[in-house]
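Since the structure comes first, as structure tokens, the remarks are kept for the end.
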Amino acid sequence: MERFIASRRSIKGVTWILQGVPLDMTVSRFHGTSEGPRTIRRESRHLETFSTLLLGELQDVPFADVGDIELVPGDLHLSLETIKAVSSSFFRRGLKVATLGGEHLATLPVLEAASEVYPGMAVIHLDAHADLRDRYRGTKKNHATVMRRVAERCLASPSLLFQFGIRSASADEYRWGKENTSFFPLELSAPLRDVISMLGRRPVYLSLDIDIVDPGEAPGTGTPEPCGFSAREVLQALTLMKDLCMIGFDIVEVSPPNDINGITSVLAAGLTRECLIMWGRGDS
Ligand SMILES: [Mn+2]
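Counting from 0, one number per residue, gives the positions in the sequence shown under numbering that gives the first Met the number 0.
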């Protein structure tokens with residue numbers, strides 16, 4: 000198995016787990032996210048392990064890439080149960096969990112697992128889309144409803160879901176977001192700064208849909224949305240979160256068949272490296 004750069008070979012003594020979730024069952028436009036984790040790992044091999052931004056070394060981060068979770072072909076329910084069980088086994092041991100997607104629905108079972116260990120956690124959601132529909136094409140669990148389910152099932156209050164950068168939503172989603180979640184459409188760093196100072200030592204999970212980045216810089220995604228943020232703006236927003244008590248993060252919706260020259264996968268690999276260095280070194 001090809002591992003993410005600088006991964007330890009054993010989970011003994013690590014503080015972070017990196018897992019791939021090649022879920023690709025409910026996407027609405029282009030399929031291809033099942034190839035995300037593998038391609039992101041492959042692209043990571045071309046990156047330096049040192050971050051010139053953080054002046055940190057990924058080799059100093061005790062993390063282990065445990066490979067992809069084996070899903071059940073054609074069975075969404077069992078696949079989600081499997082993702083939850085595997086994630087739960089890590090959270091319950093006090094490990095922090097980084098997840099490479101896969102479609103965004105992968106976040107739901109990971110957060111169901113996290114909520115059992117961290118019932119007071121907050122979720123920071125960076126995405127082009129609100130993902131707040133109650134149902135989509137008749138179903139309750141898919142990548143367009145995922146954050147609605149997270150708000151309802153995984154958090155002490157929907158207001159602990161902090162959504163930034165949203166530039167696409169139905170009128171109903173927009174209204175539901177405004178009334179229930181902590182909803183900051185079209186903006187990123189400015190409201191994020193205020194939220195960070197409020198979160199203090201509360202456990203936080205970050206869910207990053209790569210389509211928050213403009214499709215010009217991240218074309219390899221299933222539901223591209225114009226007028227996005229630059230990769231640099233997203234990276235700067237991430238670094239604002241460096242002192243948060245991060246218990247896990249995911250980077251989802253990378254779809255290699257729709258990519259150009261691997262740029263989206265290498266971006267996801269680079270962001271993963273920065274996140275692991277940022278949150279994986281100390282005891283935060
Ligand atoms: Mn999205």
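The beta-carbon is built from N, C-alpha and C at its ideal position, and this holds for glycine as well.
In this text, all values refer to a predicted model and were calculated from it rather than measured experimentally.
Please classify residue i: is it buried, with 16 or more other beta-carbons within 10 angstroms of its beta-carbon, or exposed?
i: residue 211; result: buried
i: residue 149; result: buried
i: residue 245; result: buried
i: residue 95; result: buried
i: residue 144; result: buried
i: residue 146; result: buried
i: residue 217; result: buried
i: residue 259; result: exposed
i: residue 171; result: exposed
From the DSSP output, read off the bridge partner residues of residue i.
i: residue 106; result: Its beta-bridge partners do not exist; DSSP assigns none.
i: residue 244; result: 202
i: residue 7; result: 63
i: residue 56; result: 49
i: residue 182; result: 162
i: residue 96; result: 16, 247
Please report how far the alpha carbon of residue i lies from the alpha carbon of residue j, in whole angstroms.
i: residue 54; j: residue 242; result: 15 Å
i: residue 64; j: residue 17; result: 4 Å
i: residue 198; j: residue 153; result: 17 Å
i: residue 79; j: residue 86; result: 11 Å
i: residue 8; j: residue 256; result: 29 Å
i: residue 194; j: residue 206; result: 15 Å
i: residue 277; j: residue 174; result: 34 Å
i: residue 275; j: residue 132; result: 31 Å
i: residue 283; j: residue 62; result: For residue 283, the predicted structure reports a pLDDT of 44, less than 50, and the residue's modelled location is therefore unreliable. A value from the coordinates is still provided. When rounded, the distance between both Cα atoms is 15 Å.
i: residue 219; j: residue 249; result: 17 Å
i: residue 35; j: residue 264; result: 7 Å
i: residue 33; j: residue 252; result: 9 Å
i: residue 41; j: residue 116; result: 32 Å
i: residue 284; j: residue 69; result: Any property of residue 284 remains undetermined from this structure, which presents the chain solely from 0 to 283.
i: residue 67; j: residue 268; result: 15 Å
i: residue 49; j: residue 280; result: 13 Å
i: residue 137; j: residue 157; result: 23 Å
i: residue 12; j: residue 227; result: 39 Å
Quick one: what's got a C-beta closer than 6 Å to residue i's C-beta in the same chain, skipping five residues either side?
i: residue 25; result: 104, 141, 142
i: residue 215; result: none
i: residue 109; result: 86, 98
i: residue 75; result: 24
Within the same chain, show all residues whose beta-carbon is closer than 8 Å to that of residue i, passing over the 5 residues directly before and after it, in chain order.
i: residue 165; result: 126, 127, 128, 129, 176, 182, 183, 184, 185
i: residue 203; result: 120, 121, 122, 123, 240, 243, 244, 245, 246
Residues in the same chain with beta-carbon distance under 7 Å from residue i, minus the five sequence neighbours each way, listed in chain order, please.
i: residue 191; result: 163, 236, 239
CB of residue i to nearest heavy atom of ligand 3: below 7 Å?
i: residue 172; result: Although ligand 3 was asked about, the structure shown includes only ligand 1 as ligands.
Segments assigned beta strand (DSSP E), at least 3 residues, entirely inside the region 107-167
Whole beta strand (DSSP E) segments, 3+ residues: 121-125, 160-163.
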